[in-house]
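Chains as they are written, first to last, in this note's numbering: chain C, 490 to 829; chain L, 23 to 812.
This report refers to the structure that appears directly beneath it.
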Amino acid sequence: MNGGRILVAIGALFAVALAHNVAIVTDAPQNREVANLLGWVLVFSVVIFAGVAGALLYTIVRYRRRPGDDALPPQFRENARVEISLTLIPLVIVLVLFVLTAQALVKINRPIAGAHGVEVTARQFWWDFRLPEEGVRLSNELVIPVGRPVEAKLTSADVIHSFWVPSLAGKTDAIPGQTTYNRFMATKPGNYYGYCAELCGPSHANMRFRVIALEPDQYARFVEALKAYRAPEPKTERARRGQQLFMTRCAACHTVKGTPAAGVLGPDLSILGNRLTLASGVVENTRENLIAWIKDPTQIKPAAQMPAFPDLTDADLEALADYLESLRLEGFDFSALPRF
Amino acid sequence: MASMTPALRKPWTAVLWEWLTTVDHKKIGILYTVTAFLAFGISGIIAWLFRLQLAHPESNLFTGEVFNQMITVHGAMMLFFFIIQAGLTGFGNYVVPLMLGARDVALPRINAFSYWTFLFSILLVLSGIFFGDLPQAGWTFYYPVSTSLGSAFYFTAILLLGISSLLGNANFVATIYNLRARGMTLWQMPIYVWSVLAASILNLVSLAGLTAATLVTLLDVKLGLSLFNPAIGGDPVLFQQFFWFYSHPTVYVMLLPYLGILVEVASTFAKKPVFGYRAMVFAQMAIVLLGLLVWAHHMFTVGESVIFQLAFAFFTALIAVPTGVKLFNILGTLWGGKLEMKAPLLWVLGFIFNFLIGGITGVMLSMVPLDYQFHDSYFVVAHFHNVLMAGSGFAAFAGLYYWFPKFFGRMYDERLGRLHFWFFLFGYLFTFLPQYALGFLGMPRRYYTYPTEVAGLLPLNQVATFGATLFMIGGLIWLWNMIKSLRSGERAPANPWGGWTLEWLVPSPPPEHNFDVKLPEKFESERPLYDWEKKGVRLEPEDPTHVHLPRPSLWPLFTSVALFLLFFGLAAYPWPNAVMLLGALLTVAGLLGWALEHEYADPETDHPTRSGKSNAFMGTVWFLSSEVGLFAILLAAYIYLRLSGAATPPAERPELWLALVNTFFLVSSSFLVHYAAHDLKRGNRSSFLLGLLVAIVFGVIFLAIQTYEFLVAAGHMDWREELWAAAFFIVVGLHGLHVLIGATGLLLAYLQGVFGKILPQRPGTLESASLYWHLVDGVWLVIVALFYLW
Numbered sequence: 490m491n492g493g494r495i496l497v498a499i500g501a502l503f504a505v506a507l508a509h510n511v512a513i514v515t516d517a518p519q520n521r522e523v524a525n526l527l528g529w530v531l532v533f534s535v536v537i538f539a540g541v542a543g544a545l546l547y548t549i550v551r552y553r554r555r556p557g558d559d560a561l562p563p564q565f566r567e568n569a570r571v572e573i574s575l576t577l578i579p580l581v582i583v584l585v586l587f588v589l590t591a592q593a594l595v596k597i598n599r600p601i602a603g604a605h606g607v608e609v610t611a612r613q614f615w616w617d618f619r620l621p622e623e624g625v626r627l628s629n630e631l632v633i634p635v636g637r638p639v640e641a642k643l644t645s646a647d648v649i650h651s652f653w654v655p656s657l658a659g660k661t662d663a664i665p666g667q668t669t670y671n672r673f674m675a676t677k678p679g680n681y682y683g684y685c686a687e688l689c690g691p692s693h694a695n696m697r698f699r700v701i702a703l704e705p706d707q708y709a710r711f712v713e714a715l716k717a718y719r720a721p722e723p724k725t726e727r728a729r730r731g732q733q734l735f736m737t738r739c740a741a742c743h744t745v746k747g748t749p750a751a752g753v754l755g756p757d758l759s760i761l762g763n764r765l766t767l768a769s770g771v772v773e774n775t776r777e778n779l780i781a782w783i784k785d786p787t788q789i790k791p792a793a794q795m796p797a798f799p800d801l802t803d804a805d806l807e808a809l810a811d812y813l814e815s816l817r818l819e820g821f822d823f824s825a826l827p828r829f
Numbered sequence: 023m024a025s026m027t028p029a030l031r032k033p034w035t036a037v038l039w040e041w042l043t044t045v046d047h048k049k050i051g052i053l054y055t056v057t058a059f060l061a062f063g064i065s066g067i068i069a070w071l072f073r074l075q076l077a078h079p080e081s082n083l084f085t086g087e088v089f090n091q092m093i094t095v096h097g098a099m100m101l102f103f104f105i106i107q108a109g110l111t112g113f114g115n116y117v118v119p120l121m122l123g124a125r126d127v128a129l130p131r132i133n134a135f136s137y138w139t140f141l142f143s144i145l146l147v148l149s150g151i152f153f154g155d156l157p158q159a160g161w162t163f164y165y166p167v168s169t170s171l172g173s174a175f176y177f178t179a180i181l182l183l184g185i186s187s188l189l190g191n192a193n194f195v196a197t198i199y200n201l202r203a204r205g206m207t208l209w210q211m212p213i214y215v216w217s218v219l220a221a222s223i224l225n226l227v228s229l230a231g232l233t234a235a236t237l238v239t240l241l242d243v244k245l246g247l248s249l250f251n252p253a254i255g256g257d258p259v260l261f262q263q264f265f266w267f268y269s270h271p272t273v274y275v276m277l278l279p280y281l282g283i284l285v286e287v288a289s290t291f292a293k294k295p296v297f298g299y300r301a302m303v304f305a306q307m308a309i310v311l312l313g314l315l316v317w318a319h320h321m322f323t324v325g326e327s328v329i330f331q332l333a334f335a336f337f338t339a340l341i342a343v344p345t346g347v348k349l350f351n352i353l354g355t356l357w358g359g360k361l362e363m364k365a366p367l368l369w370v371l372g373f374i375f376n377f378l379i380g381g382i383t384g385v386m387l388s389m390v391p392l393d394y395q396f397h398d399s400y401f402v403v404a405h406f407h408n409v410l411m412a413g414s415g416f417a418a419f420a421g422l423y424y425w426f427p428k429f430f431g432r433m434y435d436e437r438l439g440r441l442h443f444w445f446f447l448f449g450y451l452f453t454f455l456p457q458y459a460l461g462f463l464g465m466p467r468r469y470y471t472y473p474t475e476v477a478g479l480l481p482l483n484q485v486a487t488f489g490a491t492l493f494m495i496g497g498l499i500w501l502w503n504m505i506k507s508l509r510s511g512e513r514a515p516a517n518p519w520g521g522w523t524l525e526w527l528v529p530s531p532p533p534e535h536n537f538d539v540k541l542p543e544k545f546e547s548e549r550p551l552y553d554w555e556k557k558g559v560r561l562e563p564e565d566p567t568h569v570h571l572p573r574p575s576l577w578p579l580f581t582s583v584a585l586f587l588l589f590f591g592l593a594a595y596p597w598p599n600a601v602m603l604l605g606a607l608l609t610v611a612g613l614l615g616w617a618l619e620h621e622y623a624d625p626e627t628d629h630p631t632r633s634g635k636s637n638a639f640m641g642t643v644w645f646l647s648s649e650v651g652l653f654a655i656l657l658a659a660y661i662y663l664r665l666s667g668a669a670t671p672p673a674e675r676p677e678l679w680l681a682l683v684n685t686f687f688l689v690s691s692s693f694l695v696h697y698a699a700h701d702l703k704r705g706n707r708s709s710f711l712l713g714l715l716v717a718i719v720f721g722v723i724f725l726a727i728q729t730y731e732f733l734v735a736a737g738h739m740d741w742r743e744e745l746w747a748a749a750f751f752i753v754v755g756l757h758g759l760h761v762l763i764g765a766t767g768l769l770l771a772y773l774q775g776v777f778g779k780i781l782p783q784r785p786g787t788l789e790s791a792s793l794y795w796h797l798v799d800g801v802w803l804v805i806v807a808l809f810y811l812w
């Protein structure tokens with residue numbers, strides 16, 4: 490029958506998907522625990538699935554009523570031995586799995602001494618990161634060192650969100666008025682996809698972010714440069730006009746280091762030129778996207794809290810884009826990092 | 023019998039009137055079933071539409087708010103209006119009384135009221151469209167995202183549905199305890215009846231969680247009154263504790279009746295008795311118990327302590343064992359049988375396969391570190407559709423095809439039934455297996471768009487949408503089958519499948535009074551027809567003068583419309599408003615008409631029950647268990663907020679002496695009601711009426727004093743600023759509302775007394791009203807201790 494072939498096709502699809510790049514099975518320490526548990530449970534699952542599905546198939550083939558056979562089958566009502574074993578076997582399996590779960594859980598939730606602290610504030614619909622040790626702020630793209638455990642201290646400024654970087658660790662909710670922790674470590678440099686995993690409003694799907702993991706020495710250089718960073722003076726006339734526009738129209742909400750712009754309602758734009766994405770990980774950081782965003786953010790992100798600026802002329806927008814693109818730390822280009 | 027009397031065509035108005043005023047459990051069962059499957063169809067179409075968006079993530083078909091409204095309505099409709107209803111209130115209403123050998127349910131008018139209220143709660147959610155207030159925070163309406171988005175229509179609809187389902191559940195329990203055929207013990211009931219009993223009890227015990235969560239969020243939207251608001255020290259996670267305290271157990275409310283159906287179908291089509299009957303019943307009770315202890319596994323990511331998470335992980339893993347027992351025993355029932363491969367059985371076989379996968383992935387989810395990854399990802403979406411759609415949903419179709427001939431007196435089209443099955447099976451495989459993979463790839467749920475550059479997301483989503491299309495085709499085949507079979511299906515015999523439970527004894531469809539024969543008073547197992555046939559028992563015709571059916575009544579529908587108006591007013595406009603007040607007045611008027619109407623044409627006949635307790639008593643006791651739960655949950659939350667230091671009483675609190683005066687009035691009134699009932703029993707009518715009247719007056723005095731107290735308290739405590747004040751107004755105010763409802767109940771009993779409807783041997787509303795009143799009294803004493811003394 491066709492059904493079998495279709496099942497094989499789905500299985501193959503599964504296999505391809507799994508072999509390809511399975512976010513949650515990586516060698517990041519938290520995910521190693523996940524992979525380990527997954528291995529155990531898959532072994533039991535395959536055995537149970539084969540057993541029960543096999544019994545089902547056997548029943549269907551063997552106990553189908555033959556035409557003309559109207560006699561009643563044996564009317565047995567129970568079989569204590571079978572019933573007790575079919576209760577005990579699953580019981581033992583779930584107990585074994587529970588013990589494994591408990592071990593892994595304790596390990597995952599243990600606070601790590603000397604972890605790299607990050608303060609995360611989730612907002613509709615973007616992410617704010619502060620590195621208290623380094624005294625710097627990053628928005629929507631968190632930069633971390635490879636090989637050092639990170640302890641993200643989460644909270645929310647409005648509704649409940651959830652911080653999730655599948656390739657690094659499981660998720661933790663960010664709750665208004667409360668503090669929660671998500672612990673992870675990157676084992677290789679890369680550009681990791683992050684998501685909000687708790688429905689938070691119309692643009693829940695657009696509340697993404699990136700974690701950029703750098704080799705320790707590169708990270709150290711990045712942090713030093715960022716600490717010392719002051720926004721460069723605009724070099725062209727148009728960029729200067731952009732700067733003026735920014736200071737009158739944008740500075741109430743956005744911060745640019747080294748300028749009077751110190752608003753905190755919106756993301757920090759100090760090094761927007763280095764960012765790979767705009768609108769919290771939703772679109773590539775290109776000039777067209779930047780202009781489209783400023784014109785009307787809700788076109789890219791429904792219900793975005795940044796107001797539209799329909800009164801800005803095309804020339805104004807070009808000027809603003811010039812200025813924003815000039816805000817960058819020279820010598821740091823993350824676009825070639827592998828994506829996970 | 024239906025085929026013998028040439029049906030005289032009634033005018034459609036008469037038919038409509040008959041359905042609007044019916045109290046017949048079979049008609050109500052059909053109404054529930056049709057409404058539930060209609061809800062399935064509508065939310066299925068919605069699902070297919072948003073799957074189109076997901077197949078083209080860059081498109082703007084349904085984005086943002088609209089997409090969120092679609093997933094919310096899809097989830098809420100499927101869960102609240104389809105899957106909870108079809109197997110329990112739909113088939114249950116039709117089949118349970120038949121299986122028990124009864125002529126109707128214990129409380130037929132309550133039953134009609136439950137149905138209409140259920141229907142109106144659907145209409146209430148949908149009427150939000152006209153006020154721009156369709157829910158969009160997910161069916162789980164987490165705080166505070168839900169309150170920030172309005173959702174008042176959704177909250178009130180859930181509260182309205184809660185009233186409907188509590189009454190329905192209490193009715194089932196009372197029916198099963200009181201109306202079993204003479205000689206049928208609990209252990210001789212069909213498994214399906216057991217499963218309806220278990221699901222009803224579970225719902226009665228747990229629903230308070232949903233009521234508490236919904237009530238507090240509604241009060242937050244309407245009055246700024248909240249226990250969850252973090253700005254004043256409230257705890258948003260508390261909302262989730264409330265919500266999941268109900269919403270996990272309800273997963274088993276969505277499963278247990280269906281397991282019962284599967285067992286019945288398996289037994290009939292394998293021509294064998296149920297395998298491991300007792301083990302099944304115990305497994306079911308274990309599920310009820312464990313089901314109440316696993317709710318926080320939906321909250322592993324909120325940052326609770328490791329011990330807390332482990333405890334819930336343990337019970338979650340453990341619940342797989344009784345669930346496994348059920349699955350194995352369904353398989354055991356088929357094993358060694360002679361399987362009749364008809365549509366109902368196909369759905370059972372499909373269920374076993376699907377539920378096996380769903381069960382295994384459920385165990386994976388109980389492993390907390392895996393849950394950190396799978397939670398709110400597509401893995402979880404695949405898992406719960408696996409157990410609910412391809413599990414309970416398949417069982418709903420097993421039941422539909424199984425009982426279709428009984429319900430409608432016609433056979434369905436077997437070929438179309440099979441085709442429907444295969445489309446749904448492959449629809450399910452294509453839609454949901456890829457979603458497990460999507461979970462592994464890190465795709466969060468409730469996303470209308472996703473990064474297509476992440477390998478695998480786009481193709482897997484497109485396969486899922488293809489699967490949803492198969493579902494749509496299967497749905498159309500099903501619809502065609504239903505229409506065709508209803509119009510021109512072959513006439514169904516009484517027992518087309520050779521079933522052995524009592525519903526197969528009566529014609530298809532059964533006459534209004536169900537049984538034309540007198541049932542023997544000796545039952546040997548849950549398969550009476552098998553046992554009687556084997557022993558050669560001959561069934562004697564029943565003496566028609568023994569048949570007493572409740573009369574049709576318009577009051578349930580009237581009261582339900584009035585209640586709808588009240589809840590509509592609560593949702594649509596600021597409080598208080600004319601619509602809600604009018605609704606409240608009409609509700610009382612409806613109850614009055616109801617209370618003064620005779621249920622049976624001949625009010626003198628006795629209707630003995632198996633337990634010896636009246637149906638009203640039995641129903642009320644079970645109903646009240648949910649009220650106890652509601653106060654217990656709210657008080658537990660208050661104690662938690664108080665102990666954690668979040669809610670500290672202000673220096674100037676409501677006066678203790680005033681509360682003590684109120685205690686005097688309430689406690690005295692409880693004694694008065696008690697002695698009034700005694701007076702009634704002794705036939706002392708005038709002192710019964712006087713006692714009741716004074717009790718009502720005391721209740722009114724209580725309310726007057728409390729209103730005064732609230733006005734004074736509102737002058738010096740701001741509930742928007744102080745958590746303690748919010749807790750005080752919510753809990754004490756809710757109790758005040760109960761006093762008001764209780765006093766109305768007493769008033770109904772009093773009027774029944776005045777108009778001579780209450781007799782010493784038939785205490786009417788008095789039994790229910792006095793039980794309710796005593797409960798209100800008991801709760802008050804706890805409130806005095808916790809809010810005035812502590």
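Even for Gly, the Cβ is constructed at its ideal location relative to N, Cα and C.
Note that the structure is a prediction, hence the values are computed from the model and not measured.
Contacts that residue i makes with chain L (C-beta to C-beta distance below 8 Å)
| i | result |
| --- | --- |
| D811 of chain C | Going along chain L, no residue has its Cβ under 8 Å from D811 of chain C, so there is no contact; the nearest lies around 28 Å. |
Residues bridged to residue i [DSSP beta-bridge criterion]
| i | result |
| --- | --- |
| C685 of chain C | C:F652 |
| S628 of chain C | C:D617 |
DSSP state of residue i mapped onto helix, strand, coil
| i | result |
| --- | --- |
| S25 of chain L | In this prediction, S25 of chain L scores a pLDDT of 44, lower than 50, which makes its location untrustworthy; no coordinate-derived value is stated. |
| N568 of chain C | coil |
| F777 of chain L | coil |
| K724 of chain C | coil |
| L361 of chain L | strand |
| E640 of chain C | strand |
| M490 of chain C | Here the model assigns M490 of chain C a pLDDT of 41, short of 50, so the residue's position is not dependable, and the following value carries that caveat. Correct three-state label for M490 of chain C: coil. |
| Y670 of chain C | strand |
| V716 of chain L | helix |
| A663 of chain C | strand |
| I374 of chain L | helix |
Chain C residues whose Cβ lies nearer than 7 Å to that of residue i
| i | result |
| --- | --- |
| Q395 of chain L | I513, V523, P655 and G659 |
| F350 of chain L | L575 |
| K360 of chain L | Y552, R554, D558 and P562 |
Beta-carbon neighbours of residue i, restricted to chain C and to distances below 9 Å
| i | result |
| --- | --- |
| N90 of chain L | L688, G690, P691 and H693 |
Got a sec: which bits of the region 310-342 of chain L sit with their beta carbon under 8 Å from any beta carbon on chain C, in order along the chain? Taking 8 Å as the cut-off between beta carbons, the residues of the region 310-342 of chain L near chain C are T323, V324, G325, V328, Q331, L332, A335, F336, A339, L340 and A342, in sequence order.
Quick one: which unbroken alpha helix (DSSP H) runs of 4-plus residues sit fully inside the region 726-805 of chain C? Chain order, please. 726-738, 776-784 and 786-789
Contact list for the region 415-432 of chain L against chain C, Cβ threshold 7 Å: none
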